[in-house]
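Structure first, then comments.
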Amino acid sequence: MSLSFARCSLFLALIMPAVSASAEKIYLYTENFPPYNMSVNGRAYEHKADDIDGLCTEMIKTLMTHTGLDYVMKLRNWGYGYGRALEKENHGIFCTTYTDERAPQFKWVGPLTRNLWTIFAPPGSKLKLKDLESAKTMTIGGYRGDVMTDYLLDRGFNVSQLESDDLNPKRLALKQIDLWIADRLAGPYFASQQDVDELVPVYSFNDTELYLAMSLATPDEIVNRLNAGLEKIRTSGMYSAIEEKWGL
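Under the numbering used here, the residues of the sequence shown are numbered 287 to 534, in order.
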């Protein structure tokens with residue numbers, strides 16, 4: 287083997303890791319959870335980032351511009367995206383509530399924003415709850431796999447679960463369920479898309495932070511770049527501007 291060939295081979299070996307890292311593609315999943323993430327076309331599934339909007343979505347798109355990473359963004363149902371983020375390298379899901387139970391299952395980017403869990407009663411309701419325990423005798427609408435639903439189930443509440451939240455505002459308005467648990471900001475927004483207005487917030491609790499959760503198989507270098515991108519938009523003022531735009 288010639289000396290020049292050996293030098294060329296050594297050079298390629300040295301630069302290949304850097305090329306590989308810069309060429310990493312990130313696969314990001316979200317669900318319809320307005321106004322945090324949603325289809326701009328009103329569809330259940332989207333295949334392109336341009337067709338997905340919302341507070342968290344805008345945060346992700348903005349921070350990604352500061353990472354140099356290529357990415358794909360898709361909107362799917364929660365269970366599908368969550369499963370991909372658990373199992374596959376360079377896959378993530380947003381906005382995900384950070385909990386002690388979930389903490390060891392992912393590598394975390396954030397917080398992207400926050401939410402406030404809220405119990406809603408039907409329009410026109412005069413119900414008042416002094417605490418969460420006061421709702422224990424009632425049927426509360428939720429959806430399977432959601433952190434708020436799981437929280438109530440773990441504490442012995444009667445939760446009527448669906449595969450998604452789509453029908454819960456209508457069920458509440460028709461009094462098929464007594465209450466509905468949702469985010470304080472997202473709940474009324476989501477209900478209005480189902481032609482249900484003036485839901486009554488009767489109890490709020492558990493102010494939580496929302497993150498991008500990346501699979502454990504994702505290299506630390508990638509996660510660090512994502513968090514660095516988020517820090518850049520914080521210091522530039524873009525983070526606050528996005529939250530204000532969406533009503534926080």
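C-beta atoms are modelled at their ideal positions from N, C-alpha and C, and glycine is treated no differently. Predicted, not measured: the structure shown is a model, and the values here were computed from it.
Cα-Cα separation, residue i to residue j
i	j	result
A307	S446	Because the pLDDT at A307 is just 43, under 50, the model does not fix this residue reliably, and the value given afterwards should be weighed accordingly. The alpha-carbon atoms of A307 and S446 are separated by roughly 45 angstroms.
G378	L498	7 angstroms
V433	A371	16 angstroms
R329	K531	23 angstroms
L516	K412	42 angstroms
N363	K414	33 angstroms
D386	N513	20 angstroms
T425	D451	15 angstroms
Y475	I528	17 angstroms
N510	T353	10 angstroms
R470	V486	11 angstroms
D493	G533	16 angstroms
L460	L355	47 angstroms
G410	R441	28 angstroms
L438	E310	39 angstroms
L296	M350	The predicted position of L296 is uncertain, since its pLDDT is 46 and thus under 50; a value taken from the coordinates is nonetheless stated next. The straight-line gap from Cα to Cα measures roughly 32 angstroms.
Y384	L496	6 angstroms
Range of the contiguous alpha helix (DSSP H) that encloses residue i
i	result
E517	D506 to S522
S478	A472 to Q479
A371	W364 to E373
Residue of the options minimising C-alpha distance to residue i
i	options	result
K422	N444, T404, W466 and F406	N444
S420	A389, K311, V488 and E373	V488
W403	P397, L418, K412 and S411	L418
M524	E332, L341, R329 and Y331	L341
I338	T353, T351, M350 and Y322	Y322
R457	D493, M350, V482 and E387	V482
N522	Y313, I467 and T348	According to the sequence provided, residue 522 is Ser. The question's Asn does not apply to it. When each option's Cα is compared against that of S522, the closest is T348.
D464	I405, F491, S501 and E449	I405
Q361	K374, G369 and K334	One point to set straight first is that residue 361 is Leu, not Gln, in the sequence displayed. It is K334.
Y313	S501, A459 and I519	S501
E375	G442, Y357 and T382	Y357
K518	N454, L398 and G473	L398
N401	E373, P455, G367 and I467	I467
One or two residues paired with residue i in a DSSP bridge
i	result
H333	In DSSP, H333 forms no bridge with anything.
G378	L314 and M500
N444	T425
L453	Answer is none; L453 lacks a bridge partner.
P487	F406
L460	DSSP lists no partner for L460.
I528	Its beta-bridge partners do not exist; DSSP assigns none.
N323	F319
E419	Paired residues: none, contrary to the question.
D386	Its beta-bridge partners do not exist; DSSP assigns none.
T494	N401
Start-to-end residues for the beta strand (DSSP E) that takes in residue i
i	result
W466	L465 to D469
L398	F392 to A407
K347	It is not in any beta strand (DSSP E) - K347 instead sits in the alpha helix (DSSP H) that spans L341 to M350.
Y357	D356 to L361
Proximity test, residue i beta-carbon vs the ligand SAM heavy atom, cut-off 7 angstroms
i	result
I312	As for the ligand SAM, it is missing from this structure, which has no ligand bound.
Exercise. Is it a yes or a no for the region 381-396 touching the region 500-507, going by three-plus beta-carbon pairs under 8 angstroms?
Worked result: yes
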